[in-house]
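> Have a look at this one before I ask anything.
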Amino acid sequence: MKNGGHQYKVEEGQIIEVEKLDSDGKSYVFEEVLLSVDGDKVELGEPTISGLKVYADIVSEVKGDKIEVFKYKSKSRYRKHTGHRQKYTQIKIVGIGTNKPAPIGAQHVSPVKPKKVVAKKKPASK
């Protein structure tokens, strides 16, 4: 998939860091898919595969490592020091395909019956 000038090789369930996204929603759809491999079937886009999408959920927003820039000129007391930390968004790949996968809460789960808790009786004190 392609996002923000970078290309990523992704699989379902993988967590990756991409450049900061507007995280007003909890899910995100990437529509620029460059290559798809499903077993022996390889599909190459020219430049992208139409109709194929990557669905992801936003996990968190993090900062990258600090990058320090130091400018120096000898014999003139010229020194400039600046720093920068890039912001990234961690996303989890939920599905790859033409149809959006069902949300996690919508999957059928058999109900669990609560166990009955019985308090133990203490022996009478003498």
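Count along the sequence shown from 1, add 1469, and you get the number used in my numbering.
Cβ atoms here follow ideal geometry from the backbone N, Cα and C, with glycine treated the same way.
Tell me whether I1413 sits in a helix, a strand or coil according to DSSP, three-state version.
Residue 1413 lies beyond the residue range present for the chain, which begins at 1470 and ends at 1595; the question has no answer from this structure.
> Alpha carbon to alpha carbon, how far is Q1559 from I1485? Give it in angstroms, no decimals.
Along the sequence shown, read from residue 1 onward, the residue named residue 1485 stands at position 16. Along the sequence shown, read from residue 1 onward, the residue named residue 1559 stands at position 90. A direct Cα-to-Cα measurement between I1485 and Q1559 gives close to 6 Å.
> How do the region 1528-1539 and the region 1501-1514 stand: do at least 3 beta-carbon pairs fall below 8 Å, yes or no?
no
> Check K1471 in the structure and name its three-state DSSP category.
Within the sequence shown, residue 1471 is the residue found at index 2, counting from 1. Strand.
> Closer than 7 Å by C-beta to E1500: which residues in its own chain qualify, once you throw out the five before and the five after it? Chain order, please.
Position 31 of the sequence shown holds residue 1500. Excluding sequence neighbours, E1500 sits near K1522.
> Which runs of the beta strand (DSSP E), 3 residues or longer, sit entirely within the region 1501-1532?
Runs found: 1504-1507, 1510-1513.
> Is the beta carbon of V1498 closer than 9 Å to that of V1514?
Here the question's residue 1514 lines up with position 45 in the sequence shown. Here the question's residue 1498 lines up with position 29 in the sequence shown. The sequence as given places Gly at residue 1514; Val does not occur at that position. The answer is no: Cβ separation not under 9 Å.
> Where do the ends of the beta strand (DSSP E) carrying V1487 lie?
Locating residue 1487 in the sequence shown gives position 18, counting from the first residue. Here the beta strand (DSSP E) through V1487 covers 1484-1488.
> Is the separation between the beta-carbon of K1532 and that of Y1557 shorter than 9 Å?
Along the sequence shown, read from residue 1 onward, the residue named residue 1532 stands at position 63. Along the sequence shown, read from residue 1 onward, the residue named residue 1557 stands at position 88. Yes; because the gap between Cβ atoms is below 9 Å, this pair is in contact.
> Where do the N-terminal and C-terminal ends of the beta strand (DSSP E) with S1496 fall, by residue?
In the sequence shown, the residue the question calls residue 1496 occupies position 27. Unbroken beta strand (DSSP E) run through S1496: 1496-1499.
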